[in-house]
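In the working numbering, the protein residues as written are 3 to 474.
Note that the Cβ used here is the ideal one computed from N, Cα and C, for glycine as well.
These notes concern the structure reproduced below.
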Amino acid sequence: DHGASPHGRNRSEKEVAELLQRSLSPVRITHEDVEVAGRLSSLCVEDYIHPVVLLLRFLGHYAKNLGYEVVESLNMRLPPRPSVSRGPPLTSPEWKEFLDLEGRVTRVAELKQRIFRGGMEPGLRKEAWKFLLGMYPYDSTEEEREELRKKKVDDYYRMKLQWRSISAEQESRFSALRDRKALVEKDVERTDRTVHFYEGKGNDNLLMLKDILTTYIMWNFDLGYVQGMSDLLSPILFIMENEVDAFWCFVGFMDIMGPNFAMDQSKIKEDLEKAHFLVESLDPDLGEYLEKMGSGNMYFCFRWLLIWFKREFEFPDVQRLWEVLWTGLPTPNFYLLLCVAALCMEKAIIMENQFGFTEILKHVNEMSYRIDVEKLLAEAEGLYLQVQNAQNLPSRIAEILGLEISPHQLQMVHQSNKTEVNGQKSPPGAPAGAIGSSEPGNTSTDTEAMDSIEVLGECDDAISHVLAFNFL
3 DHGASPHGRN
13 RSEKEVAELL
23 QRSLSPVRIT
33 HEDVEVAGRL
43 SSLCVEDYIH
53 PVVLLLRFLG
63 HYAKNLGYEV
73 VESLNMRLPP
83 RPSVSRGPPL
93 TSPEWKEFLD
103 LEGRVTRVAE
113 LKQRIFRGGM
123 EPGLRKEAWK
133 FLLGMYPYDS
143 TEEEREELRK
153 KKVDDYYRMK
163 LQWRSISAEQ
173 ESRFSALRDR
183 KALVEKDVER
193 TDRTVHFYEG
203 KGNDNLLMLK
213 DILTTYIMWN
223 FDLGYVQGMS
233 DLLSPILFIM
243 ENEVDAFWCF
253 VGFMDIMGPN
263 FAMDQSKIKE
273 DLEKAHFLVE
283 SLDPDLGEYL
293 EKMGSGNMYF
303 CFRWLLIWFK
313 REFEFPDVQR
323 LWEVLWTGLP
333 TPNFYLLLCV
343 AALCMEKAII
353 MENQFGFTEI
363 LKHVNEMSYR
373 IDVEKLLAEA
383 EGLYLQVQNA
393 QNLPSRIAEI
403 LGLEISPHQL
413 QMVHQSNKTE
423 VNGQKSPPGA
433 PAGAIGSSEP
443 GNTSTDTEAM
453 DSIEVLGECD
463 DAISHVLAFN
473 FL
């Protein structure tokens, strides 16, 4: 009976705090002691908060109330950055080996790893992209896909008819649709006009591009159309060569990229901040230089992030880059490491020439069509592997890149009136060297404190970690 157990699952939050306060006796806190944190984490799955990160925040909250401060270890040690070699693209015979007799895609994880390593041959893209972008489930048979496509054809033309059947008189009183259609037309006219597929006047492919984007407005009227979305559709239509397949693949891509086009630009701002943190952590010299030159906001990466480097490469390289990113390997945020890698590759030029804010922005813009996509992918993967093998990995990096949080990465730092931690002094009345409660008269000393408390955080059925808190 857990309820009768000293370590029962009905332990109150107050009892958890009291356990942390027992700094004079070596006590091991089990996962049952922090069950409340586990329940709390289960409520946040939809927010994509790593359960262990949430557990640490939970414990940190109580530790702080007791006169401690939870801070991340500042002595992350990075191993040498490994050299990575890219592989050859996936071939048609290889692709067929992943299909069973009924056309299902098997060994999906292995397939994605293969695509991540080398992309795929151009002739495979029309078929394989439909799986990567969610138009077809991997476990669907060829027969099921034929039926599914019939439905998608009907759905697409039904939505297309919705806007095409609106009369000019109706549209004159429908400003939301009218304005969005005008923006689509304006954007389409200047999208990839140097690419043969879209060049020339009266190009039918431009008309398809416009019709797909206008139909997407009907599919997602809340988002509608925002400048830059045509850049994301253009390479997809180039591969699919028809409206229906291009539309549904674009829908899948926009499920990923949609937040980039929010009016408040919160997702882009968040990504810029994450990219800045990664640069500071993985290349402190470059990070410090950018900050010194007023470029710590990383605004020069805005275009890279908004449309995933679409305007930095020729069409074949964009297609290679995107299919690698669509695998979600080794982390869904791999595009952030591409930003870091691109900057690291240009570090010497930027710093040796002492570029300021304006020169950095100009230089980054001029990098367009001069980046070797395979080298960029290899450098970014090297960064990931370097971080993966780092010691004392900060939880912020682990959270950004989806890595497990290693032991000893957080420290419980004692707040005394002799020590200032993160700009905060110990509470009034706490004697010098006091540990634990900040109440006057607490006679605990550093020498009496235990060296560490191990916390086994079992926040769900699949995860358990041992985390060490060092009292200083």
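- Looking at the DSSP output, residue 107 bridges to 101.
- DSSP lists 79 as the bridge partner or partners of residue 393.
- With a threshold of 16 other beta carbon atoms within 10 Å, residue 283 meets it and is buried.
- According to the DSSP secondary-structure assignment, residue 122 is paired through a beta bridge with 92.
- Three or more Cβ pairs closer than 8 Å define a contact, and the stretch 252–263 falls short of that threshold against the stretch 274–294.
- Here the alpha carbons of residue 207 and residue 198 stand approximately 10 Å from one another.
- Counting C-beta pairs closer than 8 Å gives three or more between the stretch 324–331 and the stretch 112–130, which meets the contact rule.
- Of the residues 298, 229, 91, 307, the one whose Cα lies closest to the Cα of residue 258 is 307.
- Taking each of 370, 159, 139 in turn and checking the Cα distance to residue 315, the smallest one comes out for 370.
- Comparing alpha-carbon positions, the option among 137, 166, 405 lying closest to residue 153 turns out to be 137.
- Positions of the alpha helix (DSSP H) runs, each at least 4 residues long and wholly inside the stretch 244–299, are given as 245–259, 268–284, 286–294 in order along the chain.
- Between the alpha carbons of residue 104 and residue 135 lies a gap of roughly 21 Å.
- In the DSSP annotation of this structure, the continuous segment of the alpha helix (DSSP H) that includes residue 236 starts and ends at 231–242.
- Taking 3 residues as the minimum length, the stretch 328–403 contains no beta strand (DSSP E) run wholly inside it.
- Ranked by Cα distance from residue 386, the options 360, 336, 346 are led by 336.
- Taking every protein chain shown into account, the CB of residue 244 has fewer than 16 other CB atoms within 10 angstroms, so this residue is exposed.
- The beta carbons of residue 88 and residue 379 sit about 6 Å from each other, so the pair counts as a contact at 8 Å.
- No residue range can be given for residue 135, since it is assigned to no alpha helix (DSSP H) and is classified by DSSP as neither H nor E.
- Taking all protein chains in view, the Cβ of residue 289 is crowded by 16 or more other Cβ atoms within 10 Å, so the residue is classified as buried.
- Within the same chain, Cβ atoms closer than 6 Å to the Cβ of residue 261 are found at 269, the five residues on either side in sequence being excluded.
- When the alpha-carbon of residue 345 is set against those of 376, 322, 303, the nearest one is in 303.
- Residue state for residue 317 is assigned as helix, using DSSP reduced to three classes.
- Judged by DSSP in its simplified three-state form, residue 406 adopts coil rather than helix or strand.
- With a contact defined as Cβ atoms closer than 8 Å, residue 190 and residue 212 qualify at about 5 Å.
- In this structure, DSSP gives residue 310 a state outside helix and strand, which the three-state scheme calls coil.
- In summary, residue 216 is buried, with 16 or more beta-carbon neighbours lying within 10 Å of its beta-carbon over all protein chains present.
- Ranking 238, 275, 228 by CA distance to the CA of residue 128 puts 238 first.
- Only residues of its own chain outside the window of five on either side were considered, and among them 310, 336, 337 have a CB closer than 7 Å to the CB of residue 327, listed in chain order.
- Closest by C-alpha distance to residue 295, out of 141, 263, 234, 361, is 361.
- DSSP places residue 153 inside the alpha helix (DSSP H), whose first and last residues are 144–166.
- Around the beta carbon of residue 351, a 10 Å sphere encloses fewer than 16 other beta carbons of the protein chains shown; the residue is thus reported as exposed.
- The distance from the Cβ of residue 325 to that of residue 121 is about 5 Å, consistent with a contact at the 8 Å cut-off.
- Take the alpha-carbon of residue 185 and the one of residue 220: they are about 15 Å apart.
- Inter-residue distance for residue 204 and residue 163 is about 22 Å (C-alpha atoms, whole angstroms).
- The three-state secondary structure of residue 193, taken from DSSP, is coil.
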